[in-house]
Amino acid sequence: MGISKTLKVDAALLVPLQFVDFIIVAQPSCDIRPKAQVQDVAFEPAGRNESTLSSSSASGVIELIENLHDEKLVSSTQASLLKNKYLKIYRMLNDLANTCFRSRDSEFRLVNQAKQYAFELRNLEETLAKADNYPESYNTQADKLRKELLTAENQLLCCEGRCDELGYIIEGLRDEERMLRRECKRKPKGEELETQRIQLERTIEELQAEKLKHTNDGKHLIQTLREERDALAEEEQLANNTYEQLQSLKDELSGTNSVPIRCQKKCAKIEKQQLEAKQLFDDSVAEHSRLQEELDTLDSCRVQLEMESAKLSRQYAKRHRKIYDMQSDYDAATVELEEAQQKAAEYALQKTEMELNMKHLRSERMRLGEQLKSITRERDNAVRGVRKSEIGLRGLRDAIKFQKALCTEKKNACEQMRQMGSDKELMKRRALLLKQVIDKQNELIGQCNLSESEKNNLERLLKTESKLKQQLADLVTETVELSRLATAKAEEREIKSRELQTATVRYARIRDEIKSKELQIMEYEKSLRNTQKQLTDFSNLYNAIREERNNCMNLIQLAQQKMQEMQEKLGMRTNDLKVLQNTSRRTVELIGQQRIKIKEALHERDQIRQELSKQVCVMRDHETKRDQLQLSIEHENLTIHKTKDHRAKIQNMIGRAIKVRNDRVNQLVERNEEVCVLQEKIRLQEDALAKGDLELNRLDEQLRWLGQEKRDLENGIMVLRKKLKQRKELEDEMSNKQVQLAMLQDTSRQMELAVTDPTAQIRDPITGDPLLDDPVIFGTAASGVLVPVKRLREVRNREPDPTQLRVKIDAIQVQLLVRERKLLECDLLLQAVNRLVANLQGQAAIGRDTTLKLAKKMNERHTDVEQTNKKMKAMVAELNMLRSMAFNLEREVKELRMLVLDIHRSMQMGDFSSGHLKLMWTKAPKNRENVMQRPKIIQTTPRSERHNTYCTQEDTETKRKGETVDKTLPFGTPKSLSQTEPGSKKRPTTPQSS
287 MGISKTLKVD AALLVPLQFV DFIIVAQPSC DIRPKAQVQD VAFEPAGRNE STLSSSSASG
347 VIELIENLHD EKLVSSTQAS LLKNKYLKIY RMLNDLANTC FRSRDSEFRL VNQAKQYAFE
407 LRNLEETLAK ADNYPESYNT QADKLRKELL TAENQLLCCE GRCDELGYII EGLRDEERML
467 RRECKRKPKG EELETQRIQL ERTIEELQAE KLKHTNDGKH LIQTLREERD ALAEEEQLAN
527 NTYEQLQSLK DELSGTNSVP IRCQKKCAKI EKQQLEAKQL FDDSVAEHSR LQEELDTLDS
587 CRVQLEMESA KLSRQYAKRH RKIYDMQSDY DAATVELEEA QQKAAEYALQ KTEMELNMKH
647 LRSERMRLGE QLKSITRERD NAVRGVRKSE IGLRGLRDAI KFQKALCTEK KNACEQMRQM
707 GSDKELMKRR ALLLKQVIDK QNELIGQCNL SESEKNNLER LLKTESKLKQ QLADLVTETV
767 ELSRLATAKA EEREIKSREL QTATVRYARI RDEIKSKELQ IMEYEKSLRN TQKQLTDFSN
827 LYNAIREERN NCMNLIQLAQ QKMQEMQEKL GMRTNDLKVL QNTSRRTVEL IGQQRIKIKE
887 ALHERDQIRQ ELSKQVCVMR DHETKRDQLQ LSIEHENLTI HKTKDHRAKI QNMIGRAIKV
947 RNDRVNQLVE RNEEVCVLQE KIRLQEDALA KGDLELNRLD EQLRWLGQEK RDLENGIMVL
1007 RKKLKQRKEL EDEMSNKQVQ LAMLQDTSRQ MELAVTDPTA QIRDPITGDP LLDDPVIFGT
1067 AASGVLVPVK RLREVRNREP DPTQLRVKID AIQVQLLVRE RKLLECDLLL QAVNRLVANL
1127 QGQAAIGRDT TLKLAKKMNE RHTDVEQTNK KMKAMVAELN MLRSMAFNLE REVKELRMLV
1187 LDIHRSMQMG DFSSGHLKLM WTKAPKNREN VMQRPKIIQT TPRSERHNTY CTQEDTETKR
1247 KGETVDKTLP FGTPKSLSQT EPGSKKRPTT PQSS
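Each residue of the sequence shown is one higher than the one before, starting from 287 at the first, in this note's numbering.
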C-alpha cells in the first residue's frame, strides 16, 4: 500500500480495550468537513467547555485516502466509503470521550460527598465523646456506683483483651497445625515410595541387562581368542611346510649353475621392457587420436558459446534497464514504507500512553469507589450508633424526669411533715407500734401456754412472714422495672420498624438505579456492535490494500531472482570456457610429453639390442670360465660344511641365551601385570574412599537436618507447654474474676435492697459496716458524737434511676455471659486442636516407622547396586586385559603372516636368507618342549597373600566358610601359570631354565 510522505496527525484517540484492541484516528485536515460538527476530545477536567474542531486542522487519514485515489490504488467509491466510515468512527469516539468526562465529573462529585460525610462523622464522634462524659461534677453515692461500674467495665475490657490474646494464641496453634499438616504432606507417601521402588527395580534390571551384554561380549572375545590360536597353529604348520620346501629347493639350486640363471633373468627382463615399450607406443597413438577429436568438439562448442554469449549480452542489457527502473521504484517505496513505519511507531507510543492513562484512571476510580463504599458503611454504622445513643438518651431523660417527680413528691411530703412537726411524732408512733406488736406477740405466746416446739414454730412463722413481706416489696420493684423495660422495648421496636421502612425505600431506589444502569449497558453494547461492524469493513479495506502491495513486492522479487539467475548462467558459461581452454592446453602438453617418451623408448630399444650382442659374447667367455668355477665350488663346499658345523654350535648357544631371555621377559610381564593389578586396586580404593566421603557428608547433612527438625519440634513443644501454663493461669484468673463478680452481684443486690428501704442505714460497700457521721455542722465545735447516716436525706444533685443502673448491670451480665460462651468455645477449640495434634503426632510416628523401613530397603538396594557395579567393573577390567592379549596375539599373527609372505616372495625371487629360517626351525621343537614341560618344572616361592580386589563381600564370606567357588583365574595372572589354592601364601613362578 502506497503511503504519502507528508503525513500529518494532529490528534489521536483510542477506543477502550473492551471494544477493540486499538484504533488510531486523526483529525481531518482538508477542506472536506462533515455536515454535523464533530467535537474534539481533549483530556480536560469537568466543567470546562470542550474545544470544537479547528477549520485549519490537517487530517493525515483523508490526505492518505486521496493520495491512494490519485495513485489509482483505490477507486473513487471506495475512497468515499472510507471517508464516510472514518467520520462515523470519529463521531462515535467523541461520544465515548464525552461519556468518560461525565463519569469523571460524577467521580469528583462523589469524592466531595465523601469528604462532607467524613466531616459530619468527625462532628458526630466529638458529640458522642461529649455525651460519654455526661453528666459532669457529680459526687453522690450514685457517682460512686457509676465509678464502680466503670471499673467493672474496665475489668471486662481487660478480660476481652485477654480473650483476644487467647484468640491470638489459638490462631498461632492453628498456624502450627497447618505447618504440621504441610510437613505431613511433604513426607513421601506410599505411592511415591512405590514409584521410587519401581524406578530402582528398573535400574537394577537395566544393570543386569548390561551385565549380560558384557558377559556375552567376554564369551565372544574368548571364542575369538580360541579361533586365533587355531589360526596360529595352522600358520605354524604352513611355516614348517614352507621351510621343508625351501630346503628341498636349496638342495636343487645348489646343484645347478648360478650364472646361466642370471642371464636368463636378464633376458626375461629385457623382453618385458620391450613389451612395455610397445604397449606405451600403442597407448600414445590412441591418446593422440582421442585428443584430436576433443579439439574438434571444443572448436564447435566455442563457436556456439560465442553465439549464446552475444544473445545473453543483449538480454542482459534489456533486463538491466528494467531492473534499474524497478530498483528506483523500489527505493521510493522503501522510503515511503520507512516513513510510514516511523509514524506507526509514534502512533503506537501514543496508544500505549493513552492506555496507561486509562488504566490509571480506572484504578483510581475503583479505589475511590471502594473508599466511598467504606465511608458509607462507616457513616451507616455511625448513624446507627447515634440513633441508639439517642434512644438511650431518651430513656435516660424519661427516667430522670420520673425520678425528679418522685423526688419532688418526697420533698414536698417531707417539708409538710417538717412544717407540721409530725415527722418526730410519726417516728415515735412507729417505734411504739413496733414495741406494742412485739409485746402483744409475746403476750399471745404466754397466754396460749404453748410448748417450746410450738413457740419455735411461731417464731419461724413470724420470721417467714417478715421475709415474705420483703420479697413482696422486691417483687413490686421488679414489676415496676419490667414495665419500664417493656416500654423501652416497645420504643425500640418502633424505631426498628422505621429503619425497616427506610431500608425498603432504599432497596427500591437501588433496584431502579440498577435497571437504569442495565439500560445504559444495553445502549453501550449496541454502539459497540456498530463500531465493530465499521471496524471490520475498515480492516477488510486495509487487507485488500496490503495484498496489492504484497503482489507488487512479489513481482519485484521475481525480477531480482531472474536477474540473479541470468548472472549465474553467464558466470557458468564463462567458467566452462575457461575449463575447456585449460583442458586443451593440458592435452597439447600431454601429446608433447608422449612424443618425447616415444623417442626415449626407441633410443632404449637400440641400446638393449647392443647389450644383447655384447651378452652373447660374454656368454661365450663365461662358458669357458664355468669349468674353472666348478672346481673352485667343490673346494668351497668342503669349507661350507665345516662352517655349518661351527654355526650349529653357535645356534645352540644362541638358543640357550634366547630361552633365558624369554624366561626373564615372562617374569617381567608377570611383574608388570601385578603392578597393573595393584594400581587398579589403588584406584578402586581411592574411588571407594571418595564415595565413602561423599556418603559421610550426605549422612552428616541428614543428621544436621534431623537435629534441626528435632530442635524445631522441641521448640514447638516448649511453646505449647508455655501456652498451656498461660492457659492455666488465665483459667485461675477467670475463676477469681468470676468469684469477684459474684461478690459484686451480691453487694449490688444488697445495695438495691438498701436503696428501696428508706429507713435502712447506709453501709460501706467494702466492709459492710454502717457509715457514721457527726450531726454537728462543719466549722463549729466538735461534738464527738457519731450518728449513723440515715438513708433519707435531701437530694441536692441529680441521681440516676436505679432501673437504669439495673439495665446497665443486666447489659454487663449479658456481655459477661457472651464472653464466657466465647471462652468455652475457645476451650473447645483448644481441645479439638490438641486432639488433632495428637492424631498428627501418631500419624507422624507411623510414617517414621515406614520411612525407616523403606530407608533400610533403599540402603540394601544401594549396596546390591554397588556390589553389582563392582562385579561389572571387575568383568570389564578382565575383558580389557583379554582384549589387550587378543590385540597382542593379532599383532603376532600379522607379523608371522608378513614373515611368511616375505619368505614366499623370496622363494619366488630366488634370493632368501636361509640362516633365519634355520634358527626358527631349530627354535620350534624346543619351544614346544618348554611349553609341555612348563607345568611340571614350576617352583613355588613364599610371598604375601594376594588380595583379590574384584571379589565381593559375598564371595569372600563363602571362601571363609569353605564353600566351593568357581575356579576362575584372578585378574592379572597369565594362562601359562598354575592356579594356587586360595589360602596358600605362595605365588606361581615361571619355569627356570635348566
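All C-beta atoms in this analysis are idealised placements derived from N, C-alpha and C, irrespective of residue type, glycine included.
Computed from a prediction, not measured in an experiment: that's the story for all the values here.
Note that the C-beta distance between K371 and I348 is not below 8 Å. Shown here for C445: same chain residues with a beta carbon closer than 7 Å to its own, the five before and five after excluded, namely K1023 and R1105 in chain order. Boundaries of the alpha helix (DSSP H) around V1123: P1088 to M1195. Between the segment 643-657 and the segment 867-874 there are fewer than three inter-stretch CB-CB distances shorter than 8 Å, so the stretches are not counted as touching. D1096 places its beta carbon 8 Å or farther from that of Q689. Q727 places its beta carbon 8 Å or farther from that of L758. Non-local beta-carbon contacts of L459 in its own chain, meaning distances under 6 Å to residues more than five positions away in sequence, involve V1119 in chain order. Taken atom to atom, the span from the alpha-carbon of L975 to that of E469 is near 35 Å. When the beta-carbon positions are compared, K499 and M1158 stay at least 8 Å from each other.
Within the model, the alpha-carbon separation for Q818 versus D798 is close to 30 Å.
A Cβ-Cβ contact shorter than 8 Å links E514 with E1176. It is roughly 37 Å from the alpha-carbon of L623 to the alpha-carbon of M858. Runs of alpha helix (DSSP H) with 4 or more residues, each lying fully within the segment 691-750, are found at 708-733, listed in chain order. Taking 8 Å as the cut-off, the Cβ atoms of E777 and I677 count as close. Taking a C-beta distance under 8 Å as the contact criterion, I490 and V1005 do not qualify as a contact pair.
Around the beta-carbon of Y376, 16 or more other beta-carbon atoms lie within 10 Å, marking it buried. When the beta-carbon positions are compared, L442 and Q1031 stay at least 8 Å from each other. From the listed residues M1171, L821 and T1149, the smallest Cα separation to L373 is found for L821. Around the beta carbon of E956, 16 or more other beta carbons lie within 10 angstroms, which makes this residue buried. I831 sits close to L359, with the two beta carbons spaced by under 8 Å.
Nearest to T528 by alpha-carbon distance, out of H1190, Q1090, L1205 and G1002, is H1190.
Closest option to D1018, judged by alpha-carbon separation, among R683, R448, D391 and D503: R448. When C-alpha distances from D503 are compared across A1210, R1169 and Q971, the shortest belongs to R1169. Here the alpha carbon of V946 sits roughly 58 Å from the alpha carbon of E890. Between A1172 and L511, the CB-CB gap stays under 8 Å.
In the assembly as shown, G681 is a buried residue. Its beta-carbon has 16 or more other beta-carbons within 10 Å.
The segment 400-408 and the segment 657-671 touch, with three or more beta-carbon pairs separated by less than 8 Å. Of E393, E745, L466 and L876, the smallest CA-CA separation from A1124 is found for L466. In this structure, L452 places its C-beta atom within 8 Å of the C-beta atom of L1016.
CA-to-CA, the gap between D979 and L970 works out to about 14 Å. With contacts defined as CB atoms closer than 8 Å, E522 and V1186 fail to qualify as a contacting pair.
When the beta-carbon positions are compared, T763 and T1033 stay at least 8 Å from each other.
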